[in-house]
Every structure is written in structure tokens, then in C-alpha cells.
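Residue numbers (the UniProt record's numbering), protein chains in the order written: chain A, 1 to 455; chain B, 1 to 455. Using N, Cα and C, we set each Cβ at its ideal position, and we do this for glycine too.
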């Protein structure tokens, strides 16, 4: 039996796929954070490299991947697609389960797929320094790696809770030469404002974004890099799904269900959008797309579709998205990359049109799936990715129930080598399942930038 | 430029290469630990699966890889071979540098190449439980992973110092269902004897082997598994070099120098022996083979060639090898996998015949190379593997000096995701370079099993 498909370098895509022109309705654009009027591309000029702004607003279906970026992709891409045959046996299911494995990149996740692009264009345009935020550390690691390849100084604002709980993620970034700050810091106004209210603040992704944006805006040699939710990020991540389509073809299968976890949406979009194109253009009208999120941060399943800021301080352009409110502080779960209040706008639009289903899972179910996976397929995967796995397991059990040979494809966005404290806690029976009350959501949604701005 | 060669599953070797019949002289065999007479295969029957004993003593040049083992290899094999083009640029060398990357396995190193075989045959023969030792944790992780695939209970005696310093390695093994004990334990006579003398003992690989062997011998349903130095382990690891030969051929190059680190010798032999075959049979008479070890544990560069035990308590068959004495306690370095007093006998014989060169490196030079590698090629590698990297860097600089386009191939036996505390210490300037005095070596060599038994 064919276990794994490794494409050669020649099969590495030379164009990214942009879903925007294929969406079933026009995508509401971002707003200017100061005026709440529609944002013009040039409003972002101080914040982002020009070419990234172009990628953010382009309506071209295909965008060329620069040769220099492809050269770097080749360090770990094309990534493997694997038949989860031992998992199938463990579940006694007639389903054929496949996973795309992004844990092979130097920083251990899918994040370098866009980090390399953002660092490359920044260096091309004479930028010397990049700032960014990181929660669990995956994105900060990816940008540190990418920055080191292009000679850029990388400054990472890392959520203090993670900075303290995951010292080795910080060490990893430093090994690539990055500077890492525990956010909130006293380096920025946004940080100082938080510290004044709460000197012991453990931070949040929203706060860290505010700090990184303020830092970038304050210096001419500096731009900001974001690891999810923006159109340009989703565009770059399409390399995952484009490879997976070729690999599924070699396997002689086409998925009935395509699945991934959703934090901001970049690994989900990366895998699914190239398959969604087939559904949108009518070639594959029955493929299902399933987004898996934590019960502790249920943006797609319980959030409101509205304009909201991407950060806590309101420095970033409001996006039209499913949001729990930019003040929302999710319960403490180990899948730090899924603890974000919003989602990518295109993903929200597709959900609204019934093209994407969303499911929320309690933490312990997710870890049970991850341990089953480790003991069948071998890989210990990130808690974030294990949400997608859990959705795949449920689909595989439904196939068994129905006696149908369904084909399931899911994404493993990263390995779990930096998450073993969480596995420890799970094996010791010490993991909890934080939930969210309706009241919490109502409260945090009361502070949206402008209810009137909703489309 | 071609950056990376990924072979397809069809190119996975179906036979292992055994160097024993090609050695330039007969290999002195192991001794019976009780009588110090030559060991008969059946003397090992209580300790090892029958098929592993067969592999240990076979003189066949090629040994078939069972289909079930190949199926498991396919989870991560063939592993990539990569042109280190950015490292070349960083060193401004005309040399072409390649590395084989074993960090893609589920446990993160080359160790599963043999762990899977040992677990498979054990399960085939009705064994229910495997015991083993682990130092830094790579081998214990590999056997835990392999055991979980074949339904075996795995009990790991982990050197107490590592057990305490690397809690996440322990968590990783537990995620695969293994039981992990801090050695010395009070579960065995060997452990209790050590604890009586030194209740605070931080353990050693030699002690942990004694405990795992004693445990295995005490139960009918249990066998022992060893991760290095034995012929059967080196045989299984040849899959690394067999793949690398095909990959180098696709690259259109043949190495002038083949390099790897040496702890017990298994990753070194794995990469080099298939190339050494070409030198031994006269096809490639000029290829050089370089073994890299730490100054803190200089077995090949300063050890004595003599019969010595593989473990501290003297329960294992003495092997004819370069040894620092089975009582030798190396200084504290982060490359835990290289802190072992002996080496595989075939490797020692090849060194004695001038076919392998050995070099010893101070710890800080090794980490400097590892950081340079992370910032050029992206991957943060294990401190053990960084010894091979450092030897490759020195060769590449010599090629620059000589103005020659030499071809250098080295092995990266594992990733460094569990070694970031060491990188932290290096970046903070806090790493030391422990050395060994001649007196220390003379003292620990005074306790060899039988000086008269030397060949």
C-alpha cells in the first residue's frame, strides 16, 4: 500500500491560488481604523511592504511565487502527504484518511509559508527590521527563521503567559537571532497603558499585535508582519492545498471532506481553498469543508459577524469577520494558536454561505485524539492541529456507522515537540475543559468599533 | 539549483548492508561476560529476540528488510538529502556540502531505524515487554514509538540526570505509552548497589544498561533492546547510507569526505558503511571518512583498543573496542548521546586500519557551528549532530584554503527541539568545555574485565 507521497522540487507550485475572485459574493473590505471609512491600500504603506499590500488587495486568481521564495521553500517543501492507515485500523473504519504534514519545516509548522514571503519582500524593499506578535510561539519562530535568511532584524512581542510557560520557543527564536520581548512591555504606549491598569498582565495576542504595530509605525526602517487572518497570508498558504491536490491525484483519491483547525484561518485556508475552488466552480459540488475550533474560543460557532479590530488597542484596520470581540480573553487551553477572537474574512464569508461547516471541541477530546494518533501514526502533533484530527476522527467514525468508504483529508499544521507539558497534563488527568458563557460573549461584543459599520 | 532529493517509497532499500564480510580483517567477537570465553549466539537467547541474534552474528553481505518493517519505515523514510547551499555561501567555500536529514522521524532522530526492527521481531516471537536504557532520551523515545506500533510494553531506564533535565523527553515517551524510570532505581540489584554507595547518584548510560539487562533477564516475557554499538544495530542503520548513495547519484556527485558524529557509532556507520564498501572494494579508493566526537568523551581519539563491558555492572558481553573504561564518567556536556565510554567494534577496526579518521571538538565550537547552520540552512539540530557539522565546516574551510571543489556529505542524526536549554546557555556565553586528563583515562582503564583477553 502506498503510505506517503513526496513530490519532487519540480512539482513545487510556481503560483499561489487566490480565492477572492471565486468567492460567492464580494468580500467586505477592511476599514481605516481612525475614520472607519473603507481602507485604501496606501493607508497600509507605513505598516507593510508594498508588495504585501498588493497581495492583500489583488483580485488576480493566480499570483507568481518569486524564484527566491521557491528556493527557500525547497528547504522543506513540498511537504509530505500521508495515508493514515494505522489510524484507520485503530478506528476500524472503512474511510481512507490522509493528512498533509506541515511539521517538517524548520520552525515546525506551516507558518514559514508566509513568513518567508513577508521577509523576502521586506528585504527587497530595503526594510531592515520586522516586528511581530506571537502567542504560542509558532508564528514568532517562523518569522525569526525567515528573517535570519534575509538578514533582517526581527523583534517579537510574545504574549507574557507563553513567554513564561514556553521558554524553549523563546530560545528557538533567539537561536535564529531574533529579539523576544514579554508583552505587555514598557517599550510601547499600548503596553504601558495595559501595565498601568494591570502590572501583572499576562498579555494576549491582541495586546501583542498592538505593541508590534506601534513599534513598526514609530520607525522608518521597520515594517510589521502578521501570521494569519489577512488575505495575503491566506494567499501564501495556498501552497499547502496546491501540493495536496497533486498528491491526492497520485494517490488516486479525491477528498469527500477537507478538514483543518482554525485559529485565524491560515492553515485551514491553505489546505482547503484550492479544493474549495473545485466546489465553487461546480467541478466537485459535494465536497465538505470542516473547520475545527476549541470550545474555549468558539469564534466561528458562536461569534458575531461584524467589523472588529484585529488587535486589542484598535490600531489595526477593522475586518468584517466572526468575532468574539477584540477584548475577549479565552479560557486557558494549550492550543495557544487557536486563542484568537476573530477569523479571516474570506473564511467567514464562506461559512456564511454554507460552504464551510464549523465544529467546536472540548480540550480533553482533542488530546485523546492526539494520543491515539501518536500511538498509531507515530507523530506527536501540536494541540492546535489535533483539533482538525479530532474532526477527522469523528468523520471516520461516521463513515463506519454509515458503512461508507469516505475519503477524509486533514491538515497537521505543526508538530507537538514544544507542547509536551500539555500532553503530560492530559496523561495525568489534569486537563480542564474551559467553556464560554453567553454573557461573556455579549459583554465582549459590546465594545465593537462601530456597530453601524456592519455591512 | 537542486536543493533537495526526496526519493519515492519505491526507492526505499529492500535489503540492509552488512559490512562484516567486507572488513579488512576478521572482527574479534564478543566474550561471554561470566567466563570471558568467546560468546556463542545462544548465550544471548535470554536477552535478545532470536532474529536479532541472527542479525548480530550474520556474515551475509545483504539482509532482507521485512515488508512489515518497510511499511513502518514509510512513515518517514526515505529521509531527505539536502544541498547546504546557504551554508556554503556563509562559509564562502567552493566545496559542495550535502547533509542527510534524519530529524524527520516521529521521535526526531535516526534511532527508529533499528528500534522498529527490534520491536517487530520481538512481537513476532511473542515477547510482550521490552526494556532499554536511555541517556539523552533519543533512543528511549525511538523504542517507545516502535513499541507502541507493535503493541509492546516498553520500560525505559533513563539516566537520572537527563530524567530531571529533560522532562519533555520523558513526556514524549509516555505519550507513546512507555513507562520511564529514573536510573539508578531500586527496582534492580544493579541500581540498588549504586544507590547504597551513592544515594544521590545521577546515573550513567552504563548503569542504565545494567538495570535494563537485569530486568529483561529476570522475566520470561521480556527482552532487552540496545540502540547502538552492536552489529545488528549498525546493520539496520545502513538504510541511511543506502538511500544517501542513490540521492547523491541523482545529485550527480560522489562525496570526497563522509562525516558523522560518533557516540556508540550507529548513525556514523549508518551513513558511512555503504560508501565505505566502495572504498573497501577498490571502486573509490580516495574517499575519506571522518568520525566526530566531543573532547569531553574522546573514545576514538584517546581510548584504548581492548575488551570492555558495554555497561557499568559488567552484565553485558565484553566487546573489543576503543574504550575509556566502563567506569569512565565524562564531563557534563549537552550532547548526551555522545557521552559513552566505548564504540562499535567494526568502527574501531576500521579506525585501526586507517580507513576512518577521528576528530574531537570542544563544546563551544560545536554550538557555534550549530547556530551558523540554523541561521543559514534553517534547521536547529541536535548537539550530537552538530559535532559532524563542525567537522564538515572544517573540511569546507580547508577546501576554500586549497581552492578545491571538494564534495562533503555529513549526517544530521536528529533535530534539536529538545536541546534548546543548551542553545540558551551557549547564546548566554555560559557553556563550558570540559576536558579529560590522561590520569582520568589511566584510572578508568585500570578496571577492564581482563587485560589478558585482549586480542
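Any beta-carbon of chain A closer than 8 Å to the one on residue 155 (chain B)? no
6 Å Cβ shell around residue 157 (chain B) - same chain, five flanking residues per side excluded: 133, 181, 183, 208, 211, 212
Any idea which residues DSSP pairs residue 361 (chain A) with across the strands? A:294
Cα-Cα, which of A:257, A:329, A:147 is closest to residue 122 (chain A)? Per the Cα distances, A:147.
Mind listing the chain A neighbours of residue 162 (chain B)? Cutoff is C-beta to C-beta under 9 Å, in chain order. The contacting residues do not exist; residue 162 (chain B) stays about 14 Å from chain A at best.
Do you know whose CA, among B:13, B:435, B:443, B:418, lies nearest residue 141 (chain B)'s CA? B:418
Counting only beta-carbon atoms, is residue 11 (chain A) nearer than 8 Å to chain B? No, because no Cβ of chain B sits closer than 8 Å to the Cβ of residue 11 (chain A).
Between residue 139 (chain B) and chain A, is the shortest Cβ-Cβ distance under 8 Å, so that the two count as touching? No, residue 139 (chain B) does not count as interfacial toward chain A.
Work out the CA separation of residue 145 (chain A) and residue 40 (chain B) for me, nearest whole Å. 53 Å
At the 8 Å Cβ level, is residue 424 (chain B) part of the contact set with chain A, yes or no? yes
Does any residue of chain A have a CB that is nearer than 8 Å to the CB of residue 98 (chain B)? no
Answer yes or no: does any C-beta atom of chain A fall closer than 8 Å to that of residue 351 (chain B)? no
Using the DSSP secondary-structure output, state which residues sit across from residue 412 (chain A) in a beta bridge. A:101
Give the residues of chain A in contact with residue 418 (chain B), contact being defined as C-beta atoms less than 8 Å apart. Taking a Cβ-Cβ threshold of 8 Å, the residues of chain A close to residue 418 (chain B) are 417, in chain order.
Determine the contact status of residue 103 (chain A) and residue 412 (chain A), defining contact as a CB-CB distance below 8 Å. yes
Considering residue 62 (chain B), what are the terminal residues of the beta strand (DSSP E) in which it resides? 62-64
Residues from the stretch 309-326 of chain A in contact with chain B, defined by Cβ distance under 7 Å: Flagged: no residues at all.
Three or more C-beta pairs under 8 Å: does that hold for the stretch 239-250 of chain B against the stretch 320-338 of chain B? no
Looking only at DSSP bridge pairs, what is residue 261 (chain B) linked to? B:292
Give the range of the beta strand (DSSP E) segment to which residue 307 (chain A) is assigned. 304-308
What residues from chain B crowd round residue 174 (chain A), counting only those whose CB sits closer than 7 Å? 427
So is residue 281 (chain B) buried or exposed if we call it buried at 16+ other beta carbons inside 10 Å? exposed
State the Cα-Cα distance for the pair residue 334 (chain B) and residue 383 (chain B), rounded to the nearest angstrom. 7 Å
Opening and closing residue of the beta strand (DSSP E) in which residue 322 (chain B) lies: Counting along the chain, the unbroken beta strand (DSSP E) around residue 322 (chain B) starts and ends at 319-323.
For residue 169 (chain B), I'd like the list of residues in its chain whose CB is within less than 6 Å of its CB, leaving aside the five on either flank, ordered along the chain. 137, 418
Using a beta-carbon distance below 8 Å, is residue 106 (chain B) in contact with chain A? Cβ-Cβ to chain A under 8 Å: yes for residue 106 (chain B).
Near-chain A residues of the stretch 118-150 of chain B - C-beta to any C-beta below 8 Å: 145, 148, 149
Can you find a C-beta in chain B that's less than 8 Å from the C-beta of residue 197 (chain A)? no
Collapsed DSSP secondary structure at residue 423 (chain A) in the structure displayed: Assigned with DSSP and collapsed to three states, residue 423 (chain A) falls in helix.
For residue 179 (chain A), which beta-bridge partners are listed by DSSP? DSSP lists A:155 as the beta-bridge partner residues of residue 179 (chain A).
Tell me whether residue 453 (chain A) sits in a helix, a strand or coil according to DSSP, three-state version. Because residue 453 (chain A) sits at a pLDDT of 48, beneath the cut-off of 50, its placement in the model cannot be relied upon, and the point is left open.
For residue 90 (chain B) and residue 376 (chain B), what's the separation of their Cα atoms in angstroms? 7 Å
Could you compute how far the alpha carbon of residue 347 (chain B) sits from the alpha carbon of residue 177 (chain B)? 34 Å
For the structure I just gave you, are there three or more beta carbon pairs, one from the stretch 348-358 of chain A and one from the stretch 49-69 of chain A, closer than 8 Å? No: fewer than three Cβ pairs fall under 8 Å.
Any beta-carbon of chain A closer than 8 Å to the one on residue 379 (chain B)? yes
In its own chain, which residues sit with a C-beta less than 7 Å from the C-beta of residue 86 (chain B), not counting the 5 before and 5 after it? 376, 377
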